[in-house]
RNA sequence: GGGCGCUUAGCUCAGGGGUAGAGCGCUUCCUUGACGCGGAAGAGGUCAGAGGUUCGAUUCCUCUAGCGCCCACCA
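Residue numbers (our numbering): 1382 to 2228.
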């Protein structure tokens, strides 16, 4: 191609992206063996959001590793997925098309959303398969935009390896995974109390729950003994649950209550006789030491209820309101059912928060409330997307066994290579804190359906104990549209017929199979066996407890192994005020803007200068530095390739010494990359490069022009070319565009398929030289420059004499570069003085 | 309440038992045979605080403080 007269960064992106695509530069080679493959479990970004600089940063980190591994000779399995499964997409489709999903509706094969008749602006109910079609249609647009942006960023993804988390392959993998767990008894369905969001009206898993501090009131309430005099006081922030109270609990070692254990008390207002029981989990230090057990106020209640085999009396309904009274019915016995009914009538239909206030008033009127309620701030559990506290609701859900494998899961966490290592602690603390099996069913619509139907008996009651399952060859199925073997569509919902399971899977049930989906599990065995277990999972730290944990769990349950060898955890991008950049905070910067202003190479430079696991400050200044580096590479390369004399053998001591130094740089950069420390690799390469242009190029350019004859010039030119070749390859993972551009001037093929620089070759070229010659020469030249700058004279200004004082060793090697040094510094005479403190005295002519 | 991480120049960050480092910003200078979308140089620091180990601590240990994050059963 030749060296251009005026090199520029403009237009490199379009040119090289097209070239790489046409040449298949980043195409995965499925014919290679496992040892020759580096497989990455790329995070699928959420399709209904938008990409911001945080994505740019973390995806760049992954790309650096991919490019390094590719240059080391690996064929890189670097797929891309789009996460279009789940609530964000569901809500977006509802708003965008004005529809809502009703899973009970049959699939309409002739459905046309554009022809929908919507006279009253009401959302139109459509079937789940039709709803999924709309989700796929809408997200396809986002996915195109995302791909364009990732291409611009220069990600070396193999764009023929893409998937979406709602596509057929993902649904098939999710359902297959579920059926296999079910078959082995590792997944099970059960009616049990679970955390429930009253607004979304769905069960949620522990991983989606977060604590939030809210204001509450402690109410001190008196429970009178059922027989004889006496009472027990308790404190509660949830008096509205008194009708659901089934026992009081105290610690067995708490002597204050020893005499009461085994006796009964009456619930205030409702007159239900409940026992006082003892359990280790009761904390003598909290409240009065005695607590109410309700069905269900929190997960501790569930534990007590289960372990103490207490009865159930549920008052909170699925929409978060208090149920109408049933006092007097079986299980709702009361000393005064009429009074209990009257009391609960005043609460029925109220949301818990309002019922709380009302109960407090009733308690006060009844004289059962002691003192004024005390204000407290306490942590309460919320669904991470929810607005009201979670309730514990009993419902039928699917679970995946987790708890019994806790020790094995902890072991697996320890054997995973975490980058940085301390991120492993988050996994450990999460697994140690798990309090139940993974609830994988959600009462939502857009998601992967459970491949399950239930036979209906003569009364139309589903038989949950014997689910009807499809063969794996039928997957994916939608039980709301497909029919179980041996039935006909006409039998749907009829006594003696069947119904489909209405729930969908937690999105993580799909995401946790990303290695399986990307690797075509059970569909292309050759491929899956070659890429799994994968080498790398890159991801953010906030989803260690979800995506990372569930992927480990699924891989362990299915294969007994870790899904990957390494986990690279990236930090957040913070704005200059140190707030996390996120769409909701309105402080996001669009990547496109940054690409236009600074170039993709420059943006990558900023991303690459931050290390894994560290939060990064968004810094445009750093992008300017990256741009400057890219431009410097263009110009220095052009210069280094511009000398007309013939390339010779590298014989000059300074040239050899520079190459010896470069060998050290390659060693350090390689070690850093192998240790997943890309920032250090960049730093090492960059440091060398700036010295190379400031010192080495200055020192040898006269000689390269021929000032000392052909052979001396030939040595310089050869060394320049070797060094440039190596430096470009060191920079290639970081600055793919500018390095490819320069490579194309004088080399064949793509630099991104070239070999990572080898130390051996450089050491051979250096002929056993020591880096010291280069170091001392650069030092003396720097001192000459400094003197001239301080004297405010041109760098070209002539120097009378330079006197260098140093050790014999350093003065000896200085002789090897004396001629270059005198020419570069325009120095008439160089004198040395052995033994003294190292110094350089620079004598300028008298003005 | 438990845990993890951070605290080094105005800013963003490296470093590591023995004169404290880089880039940016700032100031000054230079139109040098590639680079003004340049280049060179200068100023700038009790390495958060207190103890301890050591001949010597910014570095190792302990504690304290501040910041950030993760986890924790709502009495």
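Even glycine gets a Cβ: it sits at the ideal position worked out from N, Cα and C.
Treat the numbers as computed from the prediction; the structure is a model and nothing was measured.
Residue 2132: not part of any alpha helix (DSSP H); DSSP gives it neither H nor E.
Annotation: the segment 1811-1865 contains the following complete segments of the beta strand (DSSP E) (minimum length 3 residues), in chain order: 1834-1836. Assignment of alpha helix (DSSP H) within the segment 1667-1735, counting only whole runs of 4 or more residues, yields 1680-1688, 1718-1726 in chain order. By the beta-carbon neighbour count (other beta carbons within 10 angstroms, threshold 16), residue 1995 is exposed.
Rounded to whole angstroms, the separation of the alpha carbons of residue 1779 and residue 1725 is 33 Å. Our two residues, residue 1450 and residue 1458, have alpha carbons roughly 10 Å apart in a direct line.
Annotated three-state conformation of residue 1769 is coil, per DSSP. In this structure, 1453 is the residue among 1389, 1443, 1453 with its C-alpha nearest to the C-alpha of residue 2051. Residues of the same chain with a CB within less than 6 Å of the CB of residue 2076, apart from the 5 flanking positions on each side, are 2159, 2162 in chain order. By the beta-carbon neighbour count (other beta carbons within 10 angstroms, threshold 16), residue 1740 is buried. When DSSP states are grouped into helix, strand and coil, residue 2145 belongs to the helix group. Assigned with DSSP and collapsed to three states, residue 1803 falls in helix. Here residue 2177 carries a coil assignment [DSSP, helix/strand/coil]. Within the model, the alpha-carbon separation for residue 1859 versus residue 1867 is close to 16 Å.
Judged by DSSP in its simplified three-state form, residue 1763 adopts strand.
Exposure of residue 1876 is indicated by the presence of fewer than 16 other C-beta atoms within 10 angstroms of its C-beta. Shortest Cα-Cα distance from residue 1743 to any of 1790, 1624, 1796 involves 1624. Per DSSP, residue 2057 is not a residue of any beta strand (DSSP E), being assigned neither H nor E. Residue 2116 and residue 1981 have their alpha carbons spaced roughly 8 Å apart.
By the neighbour-count criterion, in which a residue is buried when 16 or more other Cβ atoms sit within 10 angstroms of its Cβ, residue 1470 is buried. Counted as a single uninterrupted DSSP element, the alpha helix (DSSP H) harbouring residue 1475 occupies residues 1468-1478. The residue among 1517, 2057, 1895 with its C-alpha nearest the C-alpha of residue 1548 is 1517.
Three or more Cβ pairs closer than 8 Å define a contact, and the segment 2012-2021 falls short of that threshold against the segment 2130-2141.
Less than 9 Å divides the Cβ of residue 2114 from the Cβ of residue 2062.
In chain order, 2211 place their CB closer than 7 Å to the CB of residue 2199, counting only its own chain and leaving out the 5 sequence neighbours on each side. Following the DSSP letters along the chain, one finds residue 1920 in no alpha helix (DSSP H) but inside the beta strand (DSSP E) bounded by residues 1915-1921.
In this structure, DSSP gives residue 1463 an extended state, which the three-state scheme calls strand.
In the displayed model, residue 1754 falls within a strand according to three-state DSSP. Around the CB of residue 1578, 16 or more other CB atoms lie within 10 Å, so the residue is classed as buried. Apart from the 5 residues on each side of it in sequence, residue 1908 sits with its Cβ closer than 7 Å to the Cβ of 1411, 1900, 1901 in its chain, given in chain order. Taking one beta carbon from each stretch, the segment 1549-1557 and the segment 1721-1737 have fewer than 3 pairs nearer than 8 Å; the two do not touch.
Between residue 1426 and residue 1463 a beta carbon distance of about 7 Å is seen, short of the 8 Å cut, so the two are scored as contacting. Closest by C-alpha distance to residue 2223, out of 2182, 1560, 1603, is 2182. Taking the C-beta atoms as reference points, residue 1474 is found nearer than 9 Å to residue 1827. Within its own chain, the residues whose Cβ lies closer than 7 Å to the Cβ of residue 1856, once the five positions on either side in sequence are excluded, are 1553, 1556, 1557, 1832, listed in chain order. Beta-bridge annotation (DSSP): residue 1637 is not paired with any residue.
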